[in-house]
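J.:
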Amino acid sequence: MTETARLHVAPDHGEPPLLPPRRHLLGISDLDRDGVERLLGTAATIARSLDREVKKLPALRGRLVVNLFYESSTRTLSSFDLAAKRLSADTMALRSSGSSVDKGESLKDTALTLAEYDPDVIVIRHPHIGAPQLVADVTHAHVVNAGDGKHQHPTQALLDLYTMREALGRLEGLHVAIVGDVLHSRVARSLVEALALVGARTTLVGPPTLMPRGIEALGCEVTPEIGAIGAADVVYVLRMQRERMLAGAAYVPSLREYAMEWGVTPARLRPGQIVMHPGPMNRGVEIDPRVADSDVSLITEQVRSGLVVRMAVLYDLLAGGPVDLGPALEVA
Amino acid sequence: MTLFWPDGPGDNLAIRGARVIDPVRGLDGAYDVMIEDGIITALEPAVESARGLVLAPAFVDPHVHLRVPGREDEETIASGTAAAAAGGYCAILAMPNTDPVVDSAAVLGALIELAREEAAIPTGFMATISKGLGGEELTEMVELARLGAAGFTDDGHPVVSAGLMRRALQYSGVTGRMLALHEEEPTLSRDGQMHEGAVSAELGLAGWPSVAESVMIGRDCALAAYEQRSVHIMHVSARESVATVRVAQAAGTAVTAEVSPHHLCLTDDTVRTLDTNRKMNPPLRSEDDRQALLEGLRDGTIACIATDHAPHARHEKETPFEEAPFGVTGLETAFAALYTSLVEPGELELGLVLERMSAGPARIFGLPVPRIEEGERANLVLLDLDATWKVTESGFRSKSANSWLLGQMLRGAIVKTIADGRVVHAA
Numbered sequence: 123m124t125e126t127a128r129l130h131v132a133p134d135h136g137e138p139p140l141l142p143p144r145r146h147l148l149g150i151s152d153l154d155r156d157g158v159e160r161l162l163g164t165a166a167t168i169a170r171s172l173d174r175e176v177k178k179l180p181a182l183r184g185r186l187v188v189n190l191f192y193e194s195s196t197r198t199l200s201s202f203d204l205a206a207k208r209l210s211a212d213t214m215a216l217r218s219s220g221s222s223v224d225k226g227e228s229l230k231d232t233a234l235t236l237a238e239y240d241p242d243v244i245v246i247r248h249p250h251i252g253a254p255q256l257v258a259d260v261t262h263a264h265v266v267n268a269g270d271g272k273h274q275h276p277t278q279a280l281l282d283l284y285t286m287r288e289a290l291g292r293l294e295g296l297h298v299a300i301v302g303d304v305l306h307s308r309v310a311r312s313l314v315e316a317l318a319l320v321g322a323r324t325t326l327v328g329p330p331t332l333m334p335r336g337i338e339a340l341g342c343e344v345t346p347e348i349g350a351i352g353a354a355d356v357v358y359v360l361r362m363q364r365e366r367m368l369a370g371a372a373y374v375p376s377l378r379e380y381a382m383e384w385g386v387t388p389a390r391l392r393p394g395q396i397v398m399h400p401g402p403m404n405r406g407v408e409i410d411p412r413v414a415d416s417d418v419s420l421i422t423e424q425v426r427s428g429l430v431v432r433m434a435v436l437y438d439l440l441a442g443g444p445v446d447l448g449p450a451l452e453v454a
Numbered sequence: 002m003t004l005f006w007p008d009g010p011g012d013n014l015a016i017r018g019a020r021v022i023d024p025v026r027g028l029d030g031a032y033d034v035m036i037e038d039g040i041i042t043a044l045e046p047a048v049e050s051a052r053g054l055v056l057a058p059a060f061v062d063p064h065v066h067l068r069v070p071g072r073e074d075e076e077t078i079a080s081g082t083a084a085a086a087a088g089g090y091c092a093i094l095a096m097p098n099t100d101p102v103v104d105s106a107a108v109l110g111a112l113i114e115l116a117r118e119e120a121a122i123p124t125g126f127m128a129t130i131s132k133g134l135g136g137e138e139l140t141e142m143v144e145l146a147r148l149g150a151a152g153f154t155d156d157g158h159p160v161v162s163a164g165l166m167r168r169a170l171q172y173s174g175v176t177g178r179m180l181a182l183h184e185e186e187p188t189l190s191r192d193g194q195m196h197e198g199a200v201s202a203e204l205g206l207a208g209w210p211s212v213a214e215s216v217m218i219g220r221d222c223a224l225a226a227y228e229q230r231s232v233h234i235m236h237v238s239a240r241e242s243v244a245t246v247r248v249a250q251a252a253g254t255a256v257t258a259e260v261s262p263h264h265l266c267l268t269d270d271t272v273r274t275l276d277t278n279r280k281m282n283p284p285l286r287s288e289d290d291r292q293a294l295l296e297g298l299r300d301g302t303i304a305c306i307a308t309d310h311a312p313h314a315r316h317e318k319e320t321p322f323e324e325a326p327f328g329v330t331g332l333e334t335a336f337a338a339l340y341t342s343l344v345e346p347g348e349l350e351l352g353l354v355l356e357r358m359s360a361g362p363a364r365i366f367g368l369p370v371p372r373i374e375e376g377e378r379a380n381l382v383l384l385d386l387d388a389t390w391k392v393t394e395s396g397f398r399s400k401s402a403n404s405w406l407l408g409q410m411l412r413g414a415i416v417k418t419i420a421d422g423r424v425v426h427a428a
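Heads up: the protein sequence lines correspond to chains Y and S, in order. Residues 123 to 454 (this note's numbering) are what the first sequence spells out, left to right. Residues 2 to 428 (this note's numbering) are what the second sequence spells out, left to right.
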């Protein structure tokens with residue numbers, strides 16, 4: 123994670139106060155290969171602690187982690203919340219509904235309000251790109267991007283790398299096929315960048331209407347042929363994000379046709395491949411239930427990876443250094 | 002009569018030893034210029050030259066958002082025209098996409114009255130092509146033209162209906178005023194936030210493809226040719242658009258085009274900063290597009306540089322990129338930005354930039370062409386090409402500071418502006 127105090131939104135309002143450089147995780151581009159390896163290593167160490175009867179570590183005692191969620195989320199919010207609690211941090215969750223956001227408060231003002239509680243970390247999910255950067259600019263907290271628009275979702279990419287390495291023992295040289303709605307997917311954008319960083323090969327597969335023009339520049343191949351997934355070690359299935367499809371946009375003629383042409387079915391897989399999905403799934407659309415429930419599916423492992431990777435990210439931002447598991451906390 | 006400002010006597014002054022450049026006359030040399038009662042009375046070779054000072058015909062900007070009526074917190078006629086004076090302009094045309102829109106004699110009349118009271122330079126007002134910018138019914142164009150509308154435009158929106166566009170062209174034969182067009186095919190540009198390309202793919206921002214501009218330019222050039230009328234294409238941004246205009250001009254169609262300083266200086270690469278002052282409509286495009294705009298400007302396909310000065314309140318730009326409104330200010334930085342980014346590095350000739358900022362736009366809209374000649378009214382800008390200055394939020398006359406140049410050092414300053422015989426700005 124890079125040391126930054128960058129101002130991206132409406133910069134140079136007179137002389138901005140010089141904030142001390144803080145580390146953030148706003149996107150995969152905040153990491154280099156060593157940073158990824160360090161986080162995955164920390165996550166592996168933390169994973170061992172989860173096998174103990176008492177799973178809480180004291181590392182972040184007295185720290186405050188705020189989860190600021192402007193979009194509905196089940197797994198990401200619960201994962202960050204539990205990750206912070208397992209590290210003994212205090213947590214606070216704010217959702218856009220039922221808060222001052224409902225009353226039209228701007229993101230800047232919400233962030234300034236939260237900043238008065240001196241949070242150590244603000245985890246933010248927002249429907250628009252750049253929202254995490256804005257929060258980083260106006261608060262003193264470390265900011266973790268839990269998804270901004272269609273832009274980035276870096277902890278998802280890290281947990282996916284972690285899951286792949288646990289299952290296959292390596293990342294370098296892996297061939298990953300990402301199937302589906304890349305156009306509306308922040309998961310895909312983060313994952314493509316992360317895979318390039320660790321030396322894996324990526325092929326994007328899906329209807330041309332759901333492929334962003336120019337995406338090849340990120341270092342991946344693009345094809346509409348579903349048969350291309352046969353060559354991959356990992357088949358990564360994206361959710362058909364119906365909620366992102368604008369009315370009348372008609373990116374695909376029907377979900378039925380999509381399922382027939384690009385659905386990941388047992389017949390389209392070959393032995394030895396593993397299948398992943400960021401969830402939530404549309405069974406019978408992008409993924410056949412027989413695939414989702416089979417041994418080749420790592421979808422539940424991804425959830426478990428999410429917890430340890432997010433613990434690693436919080437630990438790395440606030441404590442850093444090698445993890446000393448120490449004695450488990452006494453049961454009160 | 003389409004330009005309005007308070008009545009007043011012309012000034013008397015002498016400007017000695019500056020390098021006088023009038024691209025229209027092909028004049029380039031050191032002269033002493035005498036002005037009496039606002040008229041240029043003498044132009045004589047100078048004995049001594051003033052280093053770095055250039056005297057040129059003052060600029061004309063046919064594309065300014067003054068935000069009046071409706072958003073006087075962002076700009077007023079007084080503040081916007083003061084900004085224009087400070088930027089070297091002797092005349093501007095204001096866009097009609099205000100609240101309420103300028104689509105009736107009542108609104109236009111009130112604006113003209115206001116300009117006669119508070120405009121710092123001669124100011125003209127465009128009226129809309131369609132009532133309420135609704136794209137369905139024509140405004141009362143003859144009445145508006147008689148009252149003083151400088152031209153017609155639905156700027157901010159395309160004229161989506163080809164049928165309405167054709168009627169507007171037919172009707173423009175009666176009004177004698179130019180139709181200025183914002184070209185955007187809405188089912189292609191959709192909710193586009195930036196140029197569609199590798200950068201939008203990476204950022205996950207909805208793309209606004211170049212072809213959404215060029216297909217509409219193609220349509221309107223065809224309609225203009227069919228109806229034997231003129232159209233002016235505003236803020237051209239893409240290579241395909243320049244090519245389409247060039248082909249239409251070669252075929253004899255009366256089509257003119259303008260380009261903004263930001264499209265000439267920036268590319269979509271800068272959107273990676275997520276600075277909301279890099280968000281404009283049409284969006285910043287690729288380096289290849291930028292090169293095509295420069296070629297179009299050099300070969301005359303694009304005859305005019307216009308700022309599309311679009312003031313926005315600070316709190317409205319201080320948001321995530323997708324929530325921010327389109328547009329940046331430009332009146333006070335246009336010349337220096339072009340001089341610093343394009344003239345000094347040798348991409349554009351100084352004389353060409355001066356012509357495209359002055360005579361080019363004036364001719365398109367039938368405004369007086371500023372000329373440096375004995376007997377002409379003085380419309381002059383005195384430039385210091387050696388001066389460097391920093392663009393700061395507090396340095397603007399405009400009420401808004403949403404400039405893409407904040408914090409940057411620029412070369413080339415406006416020392417003095419003379420509009421219609423009166424000194425309207427002196428640094």
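Every residue gets a Cβ at the ideal spot worked out from N, C-alpha and C, and that includes glycine. Everything numeric in this text was worked out from a predicted model, so none of it was measured.
1. The beta strand (DSSP E) that contains glycine 72 of chain Y, what's its start and end?
2. Return the bridge partner residues of arginine 247 of chain Y from the DSSP annotation.
3. Just to confirm my understanding: we take glutamate 159 of chain Y, look at its own chain, exclude 5 residues before and 5 after, and list those with CB closer than 6 Å. What are they?
4. Buried or exposed: where does arginine 240 of chain S fall if 16 or more other Cβ atoms within 10 Å of its Cβ makes it buried?
5. Measuring alpha carbon to alpha carbon, tell me which residue in S/Gly149, S/Val108, S/Asp12, S/Asp155 is nearest isoleucine 130 of chain S.
6. With 8 Å as the C-beta to C-beta threshold (strictly closer), list the residues of the region 304-322 of chain S near chain Y in chain order.
7. Please state whether DSSP places alanine 420 of chain S in a helix, a strand or coil.
8. For serine 131 of chain S, which of helix, strand or coil comes out of DSSP?
9. Report the residues of the region 339-357 of chain Y with a CB closer than 7 Å to any CB of chain S, ordered along the chain.
10. According to DSSP, is methionine 166 of chain S part of a helix, a strand, or is it coil?
11. How big is the Cα-Cα spacing for serine 194 of chain Y and serine 218 of chain Y?
12. Given that a residue counts as buried once 16 or more other Cβ atoms are within 10 Å of its Cβ, and exposed if not, what is alanine 402 of chain S?
13. Arginine 160 of chain Y by DSSP, collapsed to three states: which one?
14. Is there at least one Cβ from chain S nearer than 8 Å to proline 334 of chain Y's Cβ?
15. Determine the chain Y residues that contact alanine 239 of chain S at a beta-carbon separation under 7 Å, and present them in chain order.
16. Checking the sheet assignment: what are the DSSP bridge partners for isoleucine 22 of chain S?
17. How long is the line joining the alpha carbons of leucine 148 of chain S and phenylalanine 5 of chain S, rounded to whole angstroms?
18. Does the beta carbon of glycine 252 of chain Y sit closer than 8 Å to a beta carbon anywhere in chain S?
19. For chain Y, is any of its Cβ atoms less than 8 Å away from the one on serine 469 of chain S?
20. Under 8 Å: do the region 296-307 of chain S and the region 256-275 of chain S share three or more Cβ pairs, one atom per stretch?
21. Using DSSP's beta-bridge definition, name the partner residues of tyrosine 90 of chain S.
22. Run the CB neighbour count on glycine 133 of chain S, radius 10 Å, all protein chains shown included, and call it buried at 16 or more, exposed below.
23. For alanine 311 of chain S, which of S/Asp33, S/Asp62, S/Leu298, S/Pro187 has the nearest alpha-carbon?
24. Given that leucine 294 of chain S touches chain Y, what residues does it touch there, using C-beta distances under 8 Å?
25. Which residues, in order along the region 194-214 of chain S, keep a beta-carbon less than 9 Å from a beta-carbon of chain Y?
26. Could you say if the region 64-84 of chain S and the region 96-108 of chain S meet the contact criterion of at least three C-beta pairs nearer than 8 Å?
27. Could you tell me the alpha carbon to alpha carbon distance between methionine 214 of chain Y and serine 162 of chain S, rounded to whole angstroms?
28. Could you tell me whether the region 250-262 of chain Y touches the region 198-205 of chain Y, using the rule of 3 or more Cβ pairs below 8 Å?
29. Report the three-state DSSP secondary structure of glutamine 274 of chain Y (helix, strand or coil).
30. What does threonine 393 of chain S pair with, by DSSP beta-bridge criteria?
31. In chain S, what lies closer than 7 Å to serine 200 of chain Y by C-beta?
32. Can you tell me the Cβ-Cβ gap for leucine 189 of chain S and proline 210 of chain S, rounded? I've got them flagged as a contact below 8 Å.
33. For glutamate 137 of chain S, would you say it is in contact with chain Y, using Cβ-to-Cβ distances shorter than 8 Å as the test?
34. Starting from histidine 248 of chain Y, find everything on chain S with Cβ-Cβ shorter than 8 Å and list it in chain order.
35. Can you tell me whether tyrosine 380 of chain Y is buried or exposed? The criterion is at least 16 other CB atoms within 10 Å of its CB, across all chains shown.
36. Could you tell me whether any Cβ in chain Y is nearer than 8 Å to the Cβ of leucine 275 of chain S?
T.: Inspection of the coordinates gives the following:
1. Any property of residue 72 of chain Y remains undetermined from this structure, which presents chain Y solely from 123 to 454.
2. What you label residue 247 of chain Y is simply residue 125 of the first sequence in a count that begins at 1. For arginine 247 of chain Y, which the question treats as bridged, DSSP gives the partners Y/Phe191.
3. Counting from one through the first sequence, the residue named residue 159 of chain Y turns up at place 37. None.
4. Position 239 of the second sequence, counted from the start, is the residue given in the question as residue 240 of chain S. Arginine 240 of chain S should be labelled buried.
5. Numbered from its first residue, the second sequence carries residue 130 of chain S at position 129. When only C-alpha atoms are compared, the closest one is S/Asp155.
6. Arg315, His316, Lys318, Glu319, Thr320, Pro321, Phe322
7. Here residue 420 of chain S is taken as the residue at index 419 of the second sequence, counted from 1. Three-state DSSP puts alanine 420 of chain S in a strand.
8. Residue numbering aside, residue 131 of chain S sits at position 130 when the second sequence is read from its first letter. In the structure shown, serine 131 of chain S sits in a strand (DSSP, three-state: E or B).
9. Ala339, Leu340
10. In the second sequence, counting from the first residue as 1, residue 166 of chain S sits at position 165. If DSSP states are grouped into helix, strand and coil, methionine 166 of chain S belongs with the helices.
11. Position 72 of the first sequence holds residue 194 of chain Y. Position 96 of the first sequence holds residue 218 of chain Y. C-alpha separation (whole angstroms): 9 Å.
12. Along the second sequence, read from residue 1 onward, the residue named residue 402 of chain S stands at position 401. It counts as buried.
13. Looking up residue 160 of chain Y in the first sequence gives position 38. Arginine 160 of chain Y: helix per DSSP, three-state reduction.
14. Stepping through the first sequence from its first residue, residue 334 of chain Y is reached at position 212. Chain S, which has a Cβ nearer than 8 Å to the Cβ of proline 334 of chain Y, makes this yes.
15. The sequence position of residue 239 of chain S within the second sequence is 238, counting from 1. Simply none; closest approach about 14 Å.
16. Residue numbering aside, residue 22 of chain S sits at position 21 when the second sequence is read from its first letter. According to DSSP, which records beta bridges pairwise, isoleucine 22 of chain S is partnered with S/Asp29.
17. Within the second sequence, the letter at position 147 stands for residue 148 of chain S. Within the second sequence, the letter at position 4 stands for residue 5 of chain S. Looking at the two C-alpha atoms, the distance is approximately 12 Å.
18. Taking the first residue of the first sequence as 1, we reach residue 252 of chain Y at position 130. Chain S contact via Cβ: present.
19. Since the displayed chain S opens at 2 and closes at 428, residue 469 of chain S lies outside it and no answer follows.
20. yes
21. Residue numbering aside, residue 90 of chain S sits at position 89 when the second sequence is read from its first letter. In DSSP, tyrosine 90 of chain S forms a bridge with S/Phe60.
22. To locate residue 133 of chain S, count along the second sequence from 1; it is residue 132. Exposed is the call here.
23. For the purposes of this step, residue 311 of chain S is taken as the residue at position 310 of the second sequence. Closest option to alanine 311 of chain S, Cα to Cα, is S/Asp62.
24. What you label residue 294 of chain S is simply residue 293 of the second sequence in a count that begins at 1. Under the 8 Å cutoff, chain Y gives no residues; its nearest Cβ is about 20 Å from leucine 294 of chain S.
25. Gln194, Glu197, Gly198, Ala199, Val200, Ser201, Ala202, Glu203, Leu204, Gly205, Leu206, Ala207, Gly208, Pro210
26. yes
27. As a first step, residue 214 of chain Y must be located in the first sequence, where it is residue number 92. As a first step, residue 162 of chain S must be located in the second sequence, where it is residue number 161. Going by the C-alpha atoms only, they are around 52 Å apart.
28. no
29. Position 152 of the first sequence, counting from 1, holds the residue named residue 274 of chain Y. Looking at glutamine 274 of chain Y - three-state DSSP - the assignment turns out to be strand.
30. By 1-based counting over the second sequence, the position of residue 393 of chain S is 392. BP columns for threonine 393 of chain S are empty, so no partner.
31. Here residue 200 of chain Y refers to the residue found at position 78 of the first sequence. Neighbours of serine 200 of chain Y on chain S: none; closest Cβ ~24 Å, over 7 Å.
32. Here residue 189 of chain S refers to the residue found at position 188 when the second sequence is read from its first residue. Here residue 210 of chain S refers to the residue found at position 209 when the second sequence is read from its first residue. Correct: roughly 6 Å between the Cβ atoms.
33. Here residue 137 of chain S corresponds to residue number 136 of the second sequence, with the count starting at 1. Taking Cβ atoms only, chain Y never reaches closer than 8 Å to glutamate 137 of chain S, which makes this a no.
34. Here residue 248 of chain Y refers to the residue found at position 126 of the first sequence. Correct list: Pro321.
35. The residue given as residue 380 of chain Y occupies position 258 in the first sequence. Buried: at least 16 other Cβ atoms inside 10 Å.
36. On the second sequence, residue 275 of chain S is found 274 positions in, with the first residue counted as 1. Chain Y contact via Cβ: present.
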